[in-house]
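Undergrad: Read left to right, the sequence shown gives residues 1072 to 1365 (the numbering used here).
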Amino acid sequence: MRVPAWFSAAYAPAEVPLLARLETTRALLQRLDLVELREADTIDPQHLRGLHDEDYLQAFLEGRAPLASRQGIRWTPRVRDASLAMLGGQLQAAGHALEHGIAMNIARGFHHAHPAAGSGYCALNGLALLAHAMPARRIMVVDCDEHGGNGTEEFAARLPNLYAMSIFGTRFGCRGGVRSWAYHVTHEQGYAEYRRALGQAASLVDEHRPDLLVYQAGADCHREDPKSQLKLATDELFERDLTVFRMARERRIPILFVVAGGYQAAERVARLNANTVRAARIAWTESAAGGRAG
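Structure follows, in structure tokens:
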């Protein structure tokens, strides 16, 4: 099984290292034959009206300082175009997941963007976008980045069909709220506590029965990542991924996943991203005889 994955060269402008590394991930996933690549189409900005506050959205689209660079990456037309392409891929991948069960967007930079501005290298919130674009569907985000999804949390209070839960080592302002749950796990508590938090995520899925799960598979939780406080081992990250994908598969809930944070060398992050895709493939191909959904 190759996982359907959306990508565009526009995602990864070479002059922005945090975005350019997406090309490294794309190349490795294709080389390992883990994904079936699909071309992402740029979103029409009209689809963003009413998601972010109008003044911020226009500032970002036009490159108006200082708001346009609030995410922490200096605004250029190519930075704007990267964001719009990733959002287009997000909608396409979500549509595929809803129809076929699973899809990937080889994208990053969503969960810190809040309604009034970008933040934390995230310009526009592509997680909240799905709830905004599909108001009749319940969207639940399972955010397993090192940093809490504070922006998505703010959107959950605005969008009645958006549910957001974060498991993180660095709070980043994420504290839980309306349709939002925050689980702070420390390195000292270890993976056993992280596993318990994943069990809480499963309970929330069972309670709210979303139409689509959106999984933020952060690589910056890894023990060698310079931003990591969780310091999870490679095999613990793989178990985390497998748990989330099985959570969706066993309940027959469609799932869309993105690769999210990672601040080691691009090649190392790409290998961790490849492990996430391997976990998705395992969960989706396990036989019913083994106790999993076929």
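Where is the CB? At the ideal position from N, CA and C, for every residue including glycine.
Quick caveat: nothing in here was measured; it's all calculated off a predicted structure.
Under 8 Å between the Cβ atoms of Asp-1214 and Gln-1287?
TA: Taking 8 Å as the Cβ cut-off, Asp-1214 and Gln-1287 qualify as a contacting pair.
Undergrad: Apart from the five residues on each side of it in sequence, which residues of its chain come closer than 6 Å, Cβ to Cβ, to Leu-1033?
TA: There is simply no residue 1033 to check, as the chain begins at 1072 and stops at 1365 in what is shown.
Undergrad: May I have the straight-line CA-CA distance separating Ala-1351 from Gln-1129, to the nearest angstrom?
TA: The straight-line gap from Cα to Cα measures roughly 37 Å.
Undergrad: I need the DSSP call for Arg-1109, collapsed to helix, strand or coil.
TA: DSSP places Arg-1109 in strand when its eight states are reduced to three.
Undergrad: Taking only the alpha-carbon atoms, compute the straight-line gap between Glu-1125 and His-1171 and give it to the nearest angstrom.
TA: The alpha-carbon atoms of Glu-1125 and His-1171 are separated by roughly 34 Å.
Undergrad: Just the C-alpha distance for Ala-1164 and His-1258, rounded to the nearest angstrom, thanks.
TA: About 33 Å.
Undergrad: Return the first residue and the last residue of the beta strand (DSSP E) that Met-1175 is part of.
TA: Run containing Met-1175: 1173–1176, per the beta strand (DSSP E) assignment.
Undergrad: In this structure, does DSSP put Leu-1090 in helix, strand or coil?
TA: Correct three-state label for Leu-1090: helix.
Undergrad: Which of helix, strand or coil does DSSP assign to Ala-1337?
TA: Here Ala-1337 sits in helix by DSSP.
Undergrad: Quick check: what's the CA-CA separation for Leu-1280 versus Arg-1209?
TA: According to the sequence shown, residue 1280 is Arg rather than Leu. Roughly 8 Å between the two C-alpha positions.
Undergrad: Touching or not, the region 1230–1242 and the region 1298–1306, by the rule of three or more beta carbon pairs under 8 Å?
TA: Yes, the region 1230–1242 is in contact with the region 1298–1306.
Undergrad: What is the residue span of the beta strand (DSSP E) that Phe-1328 lies within?
TA: 1326–1329 is the span of the beta strand (DSSP E), which, as asked, contains Phe-1328.
Undergrad: Assuming His-1183 contacts Asn-1232 under a Cβ cut-off of 8 Å, what Cβ separation, rounded to an integer in Å, is found between them?
TA: Contact doesn't hold; Cβ gap of about 21 Å is too wide.
Undergrad: State the DSSP-derived secondary structure class of Tyr-1192, mapped to helix, strand or coil.
TA: Correct three-state label for Tyr-1192: coil.
Undergrad: Which value, in whole angstroms, describes the spacing of the CA atoms of Pro-1186 and Glu-1225?
TA: Their Cα atoms are separated by approximately 7 Å.
Undergrad: Tell me the rounded alpha-carbon separation between Pro-1206 and Leu-1327.
TA: One C-alpha to the other measures close to 17 Å.
Undergrad: What separation, rounded to the nearest whole angstrom, lies between the Cα atoms of Pro-1148 and Tyr-1082?
TA: Approximately 12 Å, taken between the alpha carbons.
Undergrad: Provide the residue span of the alpha helix (DSSP H) that contains Arg-1128, from first to last.
TA: Note that residue 1128 is Leu in the sequence shown, not Arg. Unbroken alpha helix (DSSP H) run through Leu-1128: 1125–1133.
Undergrad: Quick check: the Cα distance between Ala-1364 and Ala-1111, rounded to an integer number of angstroms?
TA: Its pLDDT being 36, under 50, Ala-1364 is placed unreliably by the model, and nothing is read from it.
Undergrad: Report the three-state DSSP secondary structure of Gly-1160 (helix, strand or coil).
TA: Note: Gly-1160 maps to helix in three-state DSSP.
Undergrad: Using only the alpha-carbon positions, how far apart do Arg-1179 and Ile-1144 sit?
TA: Roughly 13 Å between the two C-alpha positions.
Undergrad: Tell me where the alpha helix (DSSP H) around Asp-1277 begins and ends.
TA: Per DSSP, Asp-1277 belongs to the alpha helix (DSSP H) from 1261–1279.
Undergrad: In angstroms with no decimal places, state the Cα-to-Cα distance between Arg-1342 and Asp-1296.
TA: C-alpha separation (whole angstroms): 13 Å.
Undergrad: At which residues does the beta strand (DSSP E) containing His-1255 begin and terminate?
TA: Here the beta strand (DSSP E) through His-1255 covers 1251–1255.
Undergrad: With a threshold of 16 other CB atoms inside 10 Å of the CB of Thr-1096, please say whether the residue is buried or exposed.
TA: By the 10 Å Cβ count, Thr-1096 comes out buried.
Undergrad: In or out: Thr-1356 buried (at least 16 other Cβ within 10 Å) or exposed?
TA: It counts as exposed.
Undergrad: With H, G and I counted as helix, E and B as strand and the rest as coil, what does DSSP make of His-1118?
TA: In the structure shown, His-1118 sits in a helix (DSSP, three-state: H, G or I).
Undergrad: Let me confirm a value: Asp-1291 is counted as buried when at least 16 other C-beta atoms fall within 10 Å, else exposed. Which label applies?
TA: Answer is buried; the Cβ neighbour count reaches 16.
Undergrad: DSSP three-state call for His-1185: helix, strand or coil?
TA: Strand at His-1185.
Undergrad: Among Ser-1190, Ala-1253, Ile-1173 and Asp-1306, whose alpha-carbon lies nearest the alpha-carbon of Val-1285?
TA: Residue Ile-1173 is the option with its Cα nearest to Val-1285.
Undergrad: Which residues does DSSP pair with Leu-1234 in a beta bridge?
TA: The amino acid occupying residue 1234 in the given sequence is Tyr; Leu does not appear at that position. According to DSSP, Tyr-1234 bridges with Met-1211.
Undergrad: Rounded to whole angstroms, what is the Cα-Cα separation between Asp-1152 and Asn-1346?
TA: Distance between the alpha carbons of Asp-1152 and Asn-1346: 28 Å.
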